[in-house]
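The sequence shown runs 1 to 691 under full-length UniProt numbering.
Here a beta-carbon is modelled for each residue, glycine too, at the ideal position from N, C-alpha and C.
These numbers were taken from a predicted model, which means no experiment stands behind them.
Structure first, then comments.
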Amino acid sequence: MTTQNMREQQRPPGRDSGFRRDIQALRALAVMLVVLNHLWPNRLPGGYVGVDVFFVISGFLISKHLVKELRRDGRIGLAEFYARRVRRLLPAALLVAAVSLAGVAVIMREAMWPRNATEVVASALYVENWYLAAKAVDYSALTDTASVAQHYWSLSVEEQFYLLWPVLLLACVWVARKRRLRYDMAILVGVLLVFVVSLVFGVAFTVTSKEAAYFVTPARAWEFALGALTGLLAGRLRLAPAFRGLLTWVGLALILLASLAFDHATFFPGIAALLPTLGTAAVIAAGERPARYSPALFMNLRPVQFLGGISYSVYLWHWPLVVLAPHLLDSTLTARHKLVLLAATIVLAHASKTYVEDPGIRMRWPAAAPRRTFSLMAAAMAVLVVAAAAQIHAYGVAADREVAALAEQADDPCYGASALTAQGCGDAFGPAETSPGDPAETPWFAPDGCVSEAGVRDCDFTGTNAGPTVWLVGDSHAEHWQAALVEVARAQGWHLKMSLRGGCPLVDAETEEYAGRTLPPDERNACREWGRQTADRVVAKQPAMVFTSMFSQHEILDDGTGRSQQDQYRDAAGTYLRRWADAGAQVYVIRDTPLTAGPTTVQCAAVNEEDPVDCAIPRAAAIQEDYVALAAEAVGHDSVRVLDLTDQFCDNTRCYTAVGGLSVFYDENHIARSYARSVAPAFLLAYRGRE
């Protein structure tokens, strides 16, 4: 969320220095919006627009510099330009990434190493934004917790801008020469074209895939172009001093309005992003000439200018501190903790600017030749990548040991879910040996002995016997039961088939929304068509049993009637349940898993490793209405029954995040693989009791 230009030496403005106090103040405002949003998201829900302020500033400053070089020399020294960007950006960025990686190794559990190390690599290579965009459309990653390097996505966008922008301007000059046009006009048209095309794409892509659009460079390029247009056009404006002051006030008001009015549900970027970006452009266009009643008095204050001068490092340091601190403290952050983190961020930022950023810019040996700068860059990146790879390998070794240790405990009567009912287990809700988010605990996996073909996972455990065919179908809340069902199928000699699609309930209706995300039309159609094909396939195979489960509370249907979700699910889910039962199958709807406070489940467990019982919540609060279970009861068919396994997660009073030495959840709403496997005996007893 920052830029190379954030780090300019804080100095008095000289006649030709290009230094502007108003822009320095904008940097200070932008970085504080971002930091406060991360520390107090409910107080400043739209503080993320600080990123957009930085993007516009970068577009303005870098374009102004490049156009000046073009006018003066008729060319751009690409190697020198890229080398300057490297010397300005990379020393501090790679230092913070390295410290963050070390912090992960020292403070976090091994299960959290792979995710963080992978994102450190993506950040070091400046492709973090594309990595996060890919995860944003990957269902299995939607509930991942944030890594220490996640904030590098905006730096990746900026580096990609720096890489391509000079080439675009050179292309405009080439066209101008061919067409005998004025350089300024060709550049203006080229930048305007980027602005329009990128804005249109950003608006459209935000509608269809808001999560991915937030990170991808094409959806953000127009913000840099807006800054460039401001630089190209603002100099031609002749504004009265009073109007300049008013324009500055209006611009600041637009930025602050966006930071207060927007939140995570806002369709952003897109049309909404025009509010903070136009506000930034207005402040820049107004210029820094003091005018009566302008905010210059406040913007020129020394603390504001100081903060603007260290804004790049503030942005770099604040996020790793926010992520690592709860693990170090073994508690969620209090207001006092957050104030200490804010102060620590300022201290670290000032130190890194003084001893890393500024010396990096002034180093003579790499500045003497671009190739020296690039060689140092490649070497530093390589060291960081190797260190991250070593951390991932270390996790793999530790994970293998953990899997072997868990296998030895599997028959222990106090292991996993069994501890809820077994006698003499001591502290059944004590520290877990597994961790939320551990890749080894993901519910999305290919079980041994199974093959996949045409979207169906086939697990034939019948051996020489003619065992029954059994289907597991549904969304990810059916899939997280596969670890348990595979154990049962292997023990019972079943031929188990699975057809599963995350975020897609298996019902005869369109799914309008999943977990707060509105689904685009093509995704809705694909989901419903998959449901129809799966339902037909099950009927055609005439299985002995069908198991299903769905995340119905967070998968919103739209059958066009406007009825309640319970009524829509009663018909849409009931249609398929009845068809399978009429085809001769015994149908079991697994009641949805109790939720222990949604996304706080993983966060709480991560910072209360020694006392996970602190994350338990009342049973009544954890158990949600399950519309598919209600639909099964409404079908009124003897072969359609509900399996309620709530007692495998809760006792009479509370539901837990750790039971019998295992973490119950993989993420905010999916069961961890080892825990699901530990429920297998109870699963077997439950379905037999319903036969």
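Check	Outcome
DSSP three-state assignment for His-480, whether helix, strand or coil	coil
With 16 other Cβ atoms within 10 Å as the buried cut-off, status of Ala-686	buried
The region 268 to 286 / the region 101 to 113 touching (three or more Cβ pairs under 8 Å)	no
Residues of its chain near Ala-93, where Cβ-Cβ distance is below 7 Å and the 5 sequence neighbours each way are ignored	Leu-155, Leu-316
Unbroken beta strand (DSSP E) run spanning Phe-55, endpoints	No beta strand (DSSP E) holds Phe-55; the alpha helix (DSSP H) holding it covers 50 to 73.
Asp-651 versus Ala-417 - alpha carbon distance	11 Å
Distance CB(Leu-485)-CB(Cys-450) smaller than 9 Å	no
Residue burial classification, Met-185 (beta-carbon count within 10 angstroms, cutoff 16)	exposed
Buried or exposed by the 16-neighbour rule on C-beta atoms within 10 Å, applied to Arg-677	buried
Length of the line joining the Cα atoms of Arg-570 and Ala-631	4 Å
Cβ neighbour criterion (16 or more within 10 Å) applied to Tyr-293	exposed
Cross-strand partners of Glu-555 (DSSP beta bridge)	Tyr-514
Cut-off 7 Å between Cβ atoms - residues of its own chain near Thr-534, not counting five sequence neighbours on either side	Val-473, Ser-499, Leu-506
Sequence-distant residues of its chain with Cβ nearer than 6 Å to Ser-17 (five each side left out)	At Ser-17, the pLDDT of 47 sits below 50, so the modelled position is not reliable; the number obtained from the coordinates is stated separately. Contacts found: none.
Cα-Cα separation between Ile-617 and Val-659, rounded to whole angstroms	14 Å
Buried/exposed call for Lys-353, threshold 16 Cβ in 10 Å	buried
Local Cβ density within 10 Å of Trp-580, reported as buried at 16 or more and exposed below that	buried
Stretch pair the region 604 to 619 + the region 418 to 430: three plus CB contacts closer than 8 Å	yes
Local conformation of Phe-267 per DSSP, three classes	coil
Beta-carbon proximity check, Ala-282 vs Leu-247, cutoff 9 Å	yes
6 Å Cβ shell around Leu-684 - same chain, five flanking residues per side excluded	Val-488
Unbroken alpha helix (DSSP H) run spanning Met-185, endpoints	183 to 208
Cβ pair count under 8 Å reaching 3, the region 507 to 523 against the region 632 to 644	no
Entirely enclosed alpha helix (DSSP H) segments - the region 338 to 374, minimum 4 residues	358 to 362, 364 to 367
At least 3 beta-carbon pairs within less than 8 Å: the region 617 to 629 vs the region 458 to 472	no
Straight-line gap, Leu-44 to Val-51 (C-alpha atoms, nearest Å)	14 Å
Close Cβ partners of Tyr-350 (< 6 Å) along its chain, the five nearest in sequence each way excluded	In the sequence on display, residue 350 carries His and not Tyr. For His-350, where only same-chain residues beyond five positions count, the Cβ hits under 6 Å are Ile-310.
Sub-9 Å separation of Pro-295 and Arg-87 beta-carbons	no
Alpha-carbon spacing of residue 692 relative to Ser-123, whole angstroms	No information on residue 692 is available, as it lies outside the stretch 1 to 691 that the chain covers here.
Residue from Leu-339, Ala-491, Val-546, Ala-387 with nearest C-alpha to Ala-583	Val-546
Proximity below 9 Å, CB of Trp-174 to CB of Ile-62	no
For Phe-60 and Gly-227, believed in contact at Cβ under 8 Å, the rounded distance	4 Å
Per-residue DSSP class, three states only, for Glu-453	strand
Span separating the alpha-carbon of Val-31 from that of Lys-178	43 Å
Contact set for His-318: own chain, Cβ-Cβ below 7 Å, skip 5 residues either direction	Val-35, His-38, Thr-345
Bridge partner(s) assigned by DSSP for Gly-474	Leu-500, Ser-549
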